[in-house]
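Residue 960 in the numbering used here sits at position 90 of the sequence shown, and the numbers go up by one each step.
Idealized CB from N, CA, C, for every residue including glycine.
A quick write-up on the structure given underneath.
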Amino acid sequence: MLTINEIKIDIETNLKRFSFSSIFKKGVNLIYSEGNTVGKSSVISAIYYAIGLEEIIGGKGPNVLSSAFKTQIEYDEKEIPVLESKVYLEISNGIEPITIFRAAKSTTRGPNLITVYFSSLDKINDLNIKKEDYYVHLHNSAKHKKGFYTFLESFLQLNLPYVPSKNEEERKLYLQLIFSSMFIEQKRGWGDIFSGMPYYDILDQKKRVIEYILGLDTLANEKLKYSLKNEEKLLKEKWENLYKQYSIKLNPYKLELKGINKNIHIIEKDSIDIIYTDNELNYDIEEYIKILEDELQELNKVKIKKKENLESLIKEVEETKNSIKEFEDKLKNTTEYYDKELSSLKHLQNSLEMINIDILNNKDALKLQNLGSLEKFKTFDNFCPTCEQPIQDTILTNQMSTNIMSIEENINHLESQKKLFEYAISQKENTIFKLKEDINTYRTSIKKLYFLLQITNNDLYSPVETYSEKSVYRKVELQKLIYDLNEVILLKTEINESFYNLSSEWKLNQESILKLPNSNLTFKDINKLDKLRAYFIENLNTFGYRSSLDINKVQISKDTYMPMIEQFDMKFDSSASDHIRRIWAFTIALLQTSIEMNGNHPGILIFDEPGQHSIIVDDMKKFFNVLSKIKGVQIIIGITIKESDIRKVVLEEVQTGSFGIPLINRAFS
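And the structure:
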C-alpha cells in the first residue's frame, strides 16, 4: 500500500525562496488550474522524481523536470535564475510515514542521492528523528541495502518476484515497471496502455506486471516452468558429460557401457553393466576377467624349480616391499597435509568473501558520500561494516592505528587485503594442485610396485620348460590387465550410482513438467481474468466507449492479458477519444480487480490530464464518479479546467467534499 500524504517543493533564487506544499488524502485528489502551464504536471513530475520513478516520464534525473526546477522560474513576468531546488515527499505504507528528500539542483547533493527521514514531513528537523541516505539509478539500486529501490520495496512490502529475462536469467520485476501501470503521465502516458513503461530486458514485461498486480498463480507457474526447463537442460548436459567421462575411462580396455546411452532416460537401480565385445560376442566385465584369469592359469600350469639367483630375487622382493611401505607413508602424510590445506583454503575463501562484502558496503558508502551524503558511517570508527561489532583495525595483535581512515583509504586498504588474500588463495590452490598430483603419483607408484612384487614373486620360481618370450610378455600383460579390470569393477558401483541418481532427478523433473497446467492459468487465475474483463467492459460502457457496436465481444487475452476484440488489439479499432477511454477503463479495472480478488496493487493511481482528445464533459463526470466510488485507495488527478463545462464538472465534484483540493502556485510554470 502506497499513500502520498504531503509534498513540499522549495526553489531557491537570488530574489527569494519559492515554495509549494500540499496535503493529499485517501480518495480522489485534484490538482487543477485554468491554464495549461501553471505547474500541475510539474507537481506530478516532482512526485515521480521524489520516489525515483521518473523513468515513467521518459528519463533519469532532473532532466525530466520542468525548467522551474533547473534553470529559471517565472515571477512577475520575469525569468529568475534557479539556484537550488528540493523536493520533499511524505508517503505512508499504511502503517508508518516516512519523508523522502531529493534535490533536483544542488551544489552539495547529487541527484542520485535520496535521504529518507523516518517521520512525517513536519517533524524531519526534530533532533531525535532517524534518517538514512540511499542511492538511486546507480548499479545495484534494487539489490544492495543502500539502494533506494531495495528500501522502497521493503517499506511498501511489495515482495517483487524474479521473472525470466531475455538472456535466460532471472531479473527482479522492477518498481518502475509496476508503477508505470498506474501512473499515467501527460505526454507519453496516453499513447497506449502502459505506454510509459521503461524498457528492461525482461520477457513479456507488461504481462508480468499484470500477473503481479492481480496476484495470478501463473506467475509462480511460469517461474516454476522456467526453473524446470532450465533443470531439464542441465540434467541432459550432466548425463552427456558423465557418459563421455566414463567412456573415456573404459575406452583403453575396449570396454563399453551397457544399459544406457548418451541421451538421458529413466533407468533401474544397478542396471548398468560394463561389457567387452570380441567377434560380435559380448561379455560382461566379470566374465571377461574370468577368461583372462583362465588364460593366465594355463600359462602357469607347469612344474616349478628354484632359480639360481634366488637370493637376488628375495632381496628384490624385500626392497620392493620397503618401497611400498615408504610410498604408503608418503601417501598418508601427503593426504593429511592435503586435507589441512583444503581446510585452510576454505578459511581463506570465506575471509575473501567477507572482504568483498566489506568492499561493497564501503563502495556504497562512497557512492552516497560522493552524492553529498553527510551520513556518519560506522565502518570507519572501528566497527565491522557488515555486523557492526567493534573490531581492532589491525592484523597484528600488538599494533593499534590511531588514525581513522577515510572511505577511499578504507577501500584501498580492503582492496590491498583482497589482493593479499587472492594471492594467498592462488598459492594455496597451486599447493593443493601439486599435493593432489603427488597423491596420484604415490598411488600409481604403489600400484606399480604391488604389480612388480607380484611379478618378482612369480619369478622366484620358473617352470621346467623354458617360456617363449611371447609367453612371458603375455603373462605380464595379463597380470596388469586383470589388475586394471578389477579396478574398473570398483568403478562400476560408482557408475551405477551416478547415473541412477541423475535418472531419479530426471524422473522427478519430467513428472513435475507433466503436472504443469497446459495454459499455466489456474481456475483461480481464470476467475480473476474474468473479473478483470467484467470491470473493463463495465467501465467502457460507463465512460461512453463507442468504437465497437457490441462491447461484449471484448475479451482479455489469455496469452498477454491485454484487451482484445475479435482477436485484435482494441487500439486498432478505437477512435482517439475512445482510445483514452480504453486506457481509463483498463487502468481502473486492474485496481478494482486487485481489490476484490486480493491482488498486489499498491492502491494508488495518478492521472495527468486524463481529458485528452476532446473527451466530452459527461464522460469526464462519469470518470470522476467511478473513481470516487473506489474506497481505501488514493487517486491523484492533474487537470486543466479552462473550458467552462469542465470547470463546472470539477467544481461540482469539489463541492461534494469527496475530493481534495491541492492548489497550484503560479510560480511553478
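Here the segment 951 to 965 makes no contact with the segment 1029 to 1045; the two share fewer than three CB pairs at distances below 8 angstroms. For Ile1161, the enclosing alpha helix (DSSP H) covers residues Ile1155 to Asn1170. The three-state secondary structure of Phe1438, taken from DSSP, is strand. In terms of Cα proximity to Leu1391, the closest of Thr1088, Glu1307 and Asp1164 is Thr1088. Cβ-Cβ distances below 7 angstroms link Ile1407 to Ile1421, Asn1422 and Val1424 in the same chain, with the five nearest sequence neighbours on each side left out; the list follows chain order.
In this structure, the straight-line span from the alpha carbon of Leu1105 to that of Leu1372 is close to 7 angstroms. Within the model, the alpha-carbon separation for Gln1239 versus Gln1115 is close to 53 angstroms. In the DSSP assignment, Ser1447 falls within the unbroken alpha helix (DSSP H) covering Ala1446 to Glu1466. By the criterion of at least three beta-carbon pairs nearer than 8 angstroms, the segment 1393 to 1404 is not in contact with the segment 1373 to 1381.
Under the three-state reduction of DSSP, Val1503 is assigned to coil, being neither helix nor strand.
The shortest C-alpha to C-alpha distance from Ala973 to any of Lys1185, Tyr958 and Leu1319 is the one to Tyr958. Counting the other Cβ atoms within 10 Å of the Cβ of Glu1055 gives 16 or more, which makes it buried.
Cα atoms of Phe890 and Ser976: separation of roughly 18 angstroms, rounded to the nearest angstrom.
The C-beta distance from Pro1068 to Ser1050 rounds to 7 angstroms, short enough to meet the 8 angstroms contact threshold. Nearest Cα to Phe1477 within the set Ile926, Asp880, Ile893 and Ile877: Ile926. With contact defined as three or more Cβ pairs closer than 8 angstroms, the segment 1163 to 1172 and the segment 1301 to 1315 are not in contact. Assigned with DSSP and collapsed to three states, Phe1321 falls in helix. A straight-line Cα-Cα distance of about 20 angstroms links Thr1190 and Asp1354.
For Asn1152, the beta-bridge partners assigned by DSSP are Thr1147. Within the DSSP secondary-structure output, Ile1072 pairs in a beta bridge with Ser1035. Our two residues, Glu876 and Met1224, have alpha carbons roughly 41 angstroms apart in a direct line. One thing to note: Thr985 has its Cβ within 8 angstroms of the Cβ of Asp1003. In the three-state reduction of the DSSP assignment, Phe894 falls in the coil class, being assigned neither a helical nor a strand state. The alpha-carbon separation between Asn899 and Glu924 amounts to approximately 21 angstroms.
Distance between Lys1492 and Lys1099, taken at the CA atoms: about 48 angstroms. Put simply, of Leu983, Ile970 and Asn982 the residue whose alpha carbon is nearest the alpha carbon of Ile994 is Ile970. Taking the Cα positions, Asp1439 is about 46 angstroms away from Ser1374. Around the CB of Glu1150, fewer than 16 other CB atoms lie within 10 Å, so the residue is classed as exposed. Check the Cα spacing between Ile879 and each of Val1187, Gly1242, Tyr1415 and Ala938: the tightest is with Ala938. Judged by DSSP secondary structure, Ser962 falls outside any alpha helix (DSSP H) and instead within the beta strand (DSSP E) spanning Lys948 to Ser962. When DSSP states are grouped into helix, strand and coil, Lys878 belongs to the strand group.
Looking at the DSSP output, Gly1017 shares a beta bridge with Tyr1005.
Of the candidates Ser1444, Tyr1405 and Tyr918, Tyr1405 places its Cα closest to the Cα of Ile1500.
From the listed residues Val1503, Leu885 and Tyr902, the smallest Cα separation to Met1052 is found for Val1503. The distance from the Cβ of Leu1212 to that of Glu1299 is about 10 angstroms, inconsistent with a contact at the 8 angstroms cut-off. Look at Arg887 here: in three-state DSSP terms it is strand.
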